[in-house]
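Anchor point for the sequence shown: position 22 equals 22 in this note's numbering, and the numbering is continuous, going up by one each time.
All residues carry an ideal CB built from backbone N, CA and C; glycine is no exception.
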Amino acid sequence: MKVLVIAPHPDDESIGCGGAICLHVKRGDRVSAVFLTSGELGLKHLPAKKAWQIREKEAAKAAEVLGLTATTFLRKPDWYLGDHIKDAAADLKPILTSIAPDLIYLPHEGEWHPDHKAAAPIVRAALGRKTHSVVLRGYEIWTPIAEYDHYENISSVMSRKIRAVRCHRSQMKEFPYDRAISGLNQYRGIIAAKAKFAEVFLTMSPEKRRK
1 MKVLVIAPHP DDESIGCGGA ICLHVKRGDR VSAVFLTSGE LGLKHLPAKK AWQIREKEAA
61 KAAEVLGLTA TTFLRKPDWY LGDHIKDAAA DLKPILTSIA PDLIYLPHEG EWHPDHKAAA
121 PIVRAALGRK THSVVLRGYE IWTPIAEYDH YENISSVMSR KIRAVRCHRS QMKEFPYDRA
181 ISGLNQYRGI IAAKAKFAEV FLTMSPEKRR K
């Protein structure tokens with residue numbers, strides 16, 4: 001299976017579906033990631049290019065822990081992805097054509113953060129009409145999924161997921177994501193999977209929404 005992870009910022013891939021990534025890699029699946037922004041506003045005190053370097057380097061370290069096959073950084077404006085759906089989709093389209101993923105992970109549509117919300121319309125625009133064979137699976141980052149239809153028991157890879165999350169060191173002082181996601185995944189494990197840790201997901205339509 002070919003798997004693609006869409007992450008609005010470096011660290012979303014580890015927080016939202018780091019466990020599932022590890023399980024895919026253990027099964028022999030090829031997993032790639034595309035980072036729509038490089039999260040420069042996570043280091044507001046630095047020039048954008050310097051922030052990109054730091055956050056992309058952290059993402060590369062996390063990718064090594066998770067076992068990602070490849071990473072791509074589109075460097076769209078942090079926080080303003082919603083204003084750049086068309087050009088982000090244009091950049092993503094050739095990547096989708098090259099990888100031809102069977103499964104795409106992306107933030108679920110109920111996420112609060114505007115960049116997280118923008119991920120779905122970007123992916124749908126990039127897919128165009130080539131939607132018949134791809135599954136979209138929404139993951140949770142800042143906003144828990146209200147109703148889910150899929151879970152993964154990540155107990156065996158939870159420590160690896162946390163190592164990947166901690167690779168994003170520049171973000172950990174303000175947001176201790178390792179503690180937050182440990183609690184959420186433990187809750188999901190007990191309620192959804194009757195296990196120690198789990199991630200939950202929501203299947204999303206790959207087709208563009210009609211107004």
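> Going by the CB atoms, is the gap between C17 and R160 shorter than 7 Å?
Replying inline: Within the sequence shown, the letter at position 160 stands for residue 160. Within the sequence shown, the letter at position 17 stands for residue 17. No, these two residues do not count as a Cβ contact at 7 Å.
> Using 8 Å as the threshold, is the segment 150-166 in touch with the segment 36-44, meaning 3 or more CB pairs across them?
Replying inline: no
> Any idea if W52 is buried or exposed, counting beta-carbon neighbours within 10 angstroms, 16 or more meaning buried?
Replying inline: Walking along the sequence shown from the start, residue 52 turns up at place 52. By the neighbour-count rule (16 or more Cβ atoms within 10 Å), W52 is buried.
> Thinking C-alpha only, which one of A48, E147, P107 and E58 is nearest R124?
Replying inline: Here residue 124 refers to the residue found at position 124 of the sequence shown. Ranking the options by Cα distance to R124, first place goes to P107.
>> Taking 6 Å as the limit between beta carbons, can you name the residues of its chain near G67, skipping five residues before and five after?
In response: Locating residue 67 in the sequence shown gives position 67, counting from the first residue. Counting only Cβ-Cβ distances below 6 Å, and skipping sequence neighbours, we find V25.
>> Given 6 Å as the limit, tell me if D87 has its C-beta closer than that to any heavy atom belonging to the ligand SAM.
In response: The ligand content of the structure shown is nil, which means the ligand SAM is not present either.
>> Suppose you measure from the CA of D12 to the CA of F175; what does that come to, to the nearest Å?
In response: As a working note, residue 12 is residue 12 in the sequence shown. As a working note, residue 175 is residue 175 in the sequence shown. Answer to the nearest angstrom: the Cα atoms are 13 Å apart.
> What span of residues does the alpha helix (DSSP H) with A51 cover, start to end?
Replying inline: Looking up residue 51 in the sequence shown gives position 51. Note, A51: alpha helix (DSSP H), A48 to L66.
> When DSSP builds the beta bridges, which residues end up paired with H150?
Replying inline: Start at 1 with the first residue of the sequence shown, and residue 150 comes out as number 150. Note: H150 sits in a beta bridge opposite F201.
>> On the CB-based measure, 16 or more other CB atoms within 10 Å of its CB, does K211 come out buried or exposed?
In response: Looking up residue 211 in the sequence shown gives position 211. With a pLDDT of 47 at K211, under the threshold of 50, the modelled position of this residue cannot be trusted, and the question is left open.
> When the Cα of V3 is compared with those of L74, Y187 and G28, which residue comes out closest?
Replying inline: In the sequence shown, counting from the first residue as 1, residue 3 sits at position 3. Comparing Cα positions, the closest option is G28.
> Closest by CA to Q171, which one among I54, Q186, T69 and K208?
Replying inline: Within the sequence shown, the letter at position 171 stands for residue 171. That would be I54, whose Cα lies nearest to the Cα of Q171.
> Hey, quick one: how far does the beta strand (DSSP E) through L194 stretch, first residue to last?
Replying inline: Position 194 of the sequence shown, counting from 1, holds the residue named residue 194. In the sequence as displayed, the identity of residue 194 is Lys instead of Leu. Unbroken run through K194: none, as it is neither H nor E.
> Starting from K161 and walking both ways along the alpha helix (DSSP H), at which residues does that stretch end?
Replying inline: For this step, residue 161 is matched to residue 161 along the sequence shown. Residues M158 to R166.
> Quick one, are the C-beta atoms of R39 and D78 less than 7 Å apart?
Replying inline: Taking the first residue of the sequence shown as position 1, residue 39 is located at position 39. Taking the first residue of the sequence shown as position 1, residue 78 is located at position 78. Strictly speaking, residue 39 in this sequence is Gly, with Arg absent from that position. In this structure, D78 lies closer than 7 Å to G39 by Cβ.
> Of all Cβ atoms in chain D, is any one closer than 7 Å to the Cβ of V134?
Replying inline: Within the model displayed, chain D is absent; a lone protein chain is all it includes.
> Between the C-alpha atoms of V135 and L127, what's the straight-line distance to the nearest angstrom?
Replying inline: As a first step, residue 135 must be located in the sequence shown, where it is residue number 135. As a first step, residue 127 must be located in the sequence shown, where it is residue number 127. The straight-line gap from Cα to Cα measures roughly 11 Å.
> Closest by CA to M158, which one among G189, A63 and P144?
Replying inline: Mapped onto the sequence shown, residue 158 falls at position 158. Considering only alpha carbons, the answer is G189.
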